[in-house]
Ligand code: PLP
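Residue numbers (this note's numbering): 26 to 480.
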């Protein structure tokens with residue numbers, strides 16, 4: 026559709042550089058402008074309705090247009106719109122949210138540090154653990170291990186943890202001190218006939234080899250998303266986390282669970298660490314923490330880490346790290362109300378209850394000629410497209426068919442996300458069974474349209 030001169034779309038092209046967008050393509054296509062949202066739906070500026078099948082960016086747990094979050098923000102805006110948390114200052118919403126997070130955490134953590142985004146949170150974790158290891162008198166223990174296809178953010182350090190070419194190519198990343206181990210995607214990387222358990226053992230062995238090559242005394246931590254999100258929704262093979270944790274314990278390497286997508290019910294439990302029996306030393310959460318109505322992320326640390334850090338702040342005089350808007354009062358007030366809604370409406374239980382309809386419904390597409398794998402857990406999933414089911418060969422150029430399907434989905438009133446040729450699903454936790462059926466129907470129509478285009 027041609028972009029009208031002087032329209033918001035024309036001004037967007039003229040003035041805005043978009044994240045994660047091909048700028049030249051954007052000059053031709055212009056933006057899709059979303060005007061409002063309600064429940065699991067958003068509406069564009071022409072009034073067209075879409076099911077938001079990715080909850081924005083894996084974010085909007087309670088759905089769009091939740092008046093209670095609007096009221097919580099407005100109330101806090103009136104009372105104290107801003108204050109900081111440097112140099113012993115504090116305010117009630119951030120205190121109460123820290124208390125709440127420690128109460129519902131999957132293990133006994135001791136302290137919470139707030140940032141504005143997941144990237145800032147992971148950056149903070151890196152600095153925090155460097156600081157901690159300096160405090161403990163082991164300045165050489167600084168490297169981080171993450172995984173190929175991991176997504177941990179886009180700041181210099183968090184993008185170095187991320188294991189996706191698009192976040193590193195062109196940016197002179199990763200920095201040193203960041204090493205990557207194998208991606209636990211059984212469908213793509215297991216050997217012929219290798220069971221999930223055997224694959225998990227092989228990956229744990231590769232991790233151990235990497236640790237020994239680098240020197241265990243140089244490695245601070247391993248960071249992982251329990252279920253990988255932006256790398257393609259990769260569900261860990263059976264026994265993977267058990268085996269990885271065993272290796273990490275053996276070499277005194279801390280475990281950071283990045284639950285920025287997984288947290289708050291995505292995998293059927295409040296935390297994915299519960300789903301996969303993971304006992305992290307640090308846990309990072311964001312996105313569904315406020316349903317992304319306000320920017321906020323939280324880092325929870327064990328008492329052991331806290332004690333080391335606290336002693337060192339005494340020695341140095343401060344913890345020289347923090348953001349102007351760390352623990353923002355409006356964001357933390359919204360986070361508190363969001364968790365209250367999740368608890369009162371039993372949204373974690375709801376998500377777990379409707380998950381089988383969603384997962385089984387998606388698995389019905391496994392026989393479709395374009396589909397290589399359907400994977401997922403709880404209310405997160407991906408459908409991976411292939412040109413040949415037997416050889417699992419993808420398409421050239423990579424992502425072209427995924428993009429086509431993504432666009433056909435939008436025509437049919439469904440917003441998803443194409444990660445190369447895998448299509449990701451992550452609907453709001455409030456989604457009803459009827460809305461799941463509609464989502465599946467719209468996806469099926471778009472998939473058939475795409476098949477016609479490919480043939
Ligand atoms: N960690 C994970 C697992 C994520 O999925 C993301 C974002 O998608 C981030 C970190 C980075 O968060 P943000 O985009 O808020 O910086």
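Backbone N, C-alpha and C fix where the C-beta goes; we use that ideal spot for every residue, glycine too.
Inter-residue Cα distance where the pair is residue i and residue j
i	j	result
residue 41	residue 216	46 Å
residue 432	residue 441	9 Å
residue 257	residue 398	11 Å
residue 436	residue 82	19 Å
residue 246	residue 119	27 Å
residue 270	residue 153	21 Å
residue 264	residue 70	47 Å
residue 413	residue 394	8 Å
residue 419	residue 357	43 Å
residue 49	residue 347	36 Å
residue 204	residue 171	6 Å
residue 2	residue 472	For the chain, the structure presents residues 26 to 480; residue 2 sits outside this window and is missing.
residue 68	residue 464	15 Å
residue 260	residue 211	9 Å
residue 106	residue 355	6 Å
residue 423	residue 445	6 Å
residue 47	residue 335	45 Å
residue 193	residue 206	16 Å
residue 301	residue 232	19 Å
residue 417	residue 447	13 Å
residue 273	residue 402	25 Å
residue 161	residue 244	14 Å
residue 387	residue 275	39 Å
residue 400	residue 462	18 Å
residue 202	residue 151	10 Å
residue 452	residue 407	12 Å
residue 36	residue 141	28 Å
residue 137	residue 129	12 Å
residue 329	residue 342	20 Å
residue 254	residue 32	35 Å
residue 427	residue 58	22 Å
Delimiting residues of the beta strand (DSSP E) encompassing residue i
i	result
residue 132	Premise fails: residue 132 is in no beta strand (DSSP E) and is neither H nor E.
residue 202	Neither: residue 202 is in no beta strand (DSSP E) and is coded neither H nor E.
residue 45	Unbroken run through residue 45: none, as it is neither H nor E.
residue 367	From DSSP, residue 367 is part of no beta strand (DSSP E) but of the alpha helix (DSSP H) over 354–369.
Bridge-paired residues (DSSP) for residue i
i	result
residue 258	DSSP, once it has assigned bridges, lists no residue as partnering residue 258.
residue 246	169, 279
residue 396	410
residue 61	68
residue 75	67
residue 447	409, 444
residue 324	138, 309
residue 418	413
residue 87	Partner(s): none; residue 87 has no beta bridge.
residue 402	405
residue 253	259
residue 7	Because the chain is modelled from 26 through 480, residue 7 falls outside the range shown and cannot be assessed.
residue 439	76
N- and C-terminal bounds of the alpha helix (DSSP H) containing residue i
i	result
residue 334	328–341
residue 310	Per DSSP, residue 310 belongs to no alpha helix (DSSP H); it is in the beta strand (DSSP E), 307–310.
residue 443	Counting along the chain, residue 443 falls outside any alpha helix (DSSP H), though it belongs to the beta strand (DSSP E) covering 442–444.
residue 427	425–436
residue 468	458–479
residue 241	Residue 241 -> no alpha helix (DSSP H), and no H or E assigned at all.
residue 211	211–214
residue 96	92–104
residue 387	372–388
residue 299	297–300
Nearest-angstrom beta carbon gap, residue j and residue i [assumed within contact, 8 Å]
i	j	result
residue 183	residue 147	4 Å
residue 450	residue 189	Going by Cβ atoms, the distance from residue 450 to residue 189 rounds to 19 Å, so no, they are not a contact pair.
residue 60	residue 90	Actually they are not in contact, since the Cβ atoms of residue 60 and residue 90 sit about 12 Å apart, beyond 8 Å.
residue 314	residue 360	5 Å
residue 383	residue 410	In fact, because the Cβ distance is near 19 Å, the residues do not count as touching under 8 Å.
residue 186	residue 169	6 Å
residue 200	residue 290	About 34 Å separates the two Cβ atoms, so there is no contact after all.
residue 326	residue 307	5 Å
residue 97	residue 367	In fact, because the Cβ distance is near 13 Å, the residues do not count as touching under 8 Å.
residue 143	residue 285	4 Å
residue 74	residue 65	Not confirmed; about 10 Å, so no contact.
residue 159	residue 331	Contact doesn't hold; Cβ gap of about 15 Å is too wide.
residue 173	residue 208	4 Å
residue 251	residue 323	Residue 251 to residue 323, Cβ: 17 Å. No contact.
In the region 135–190, which residue ranges form an unbroken alpha helix (DSSP H) of at least 4 residues, counting only runs that do not cross its ends?
143–160, 181–186
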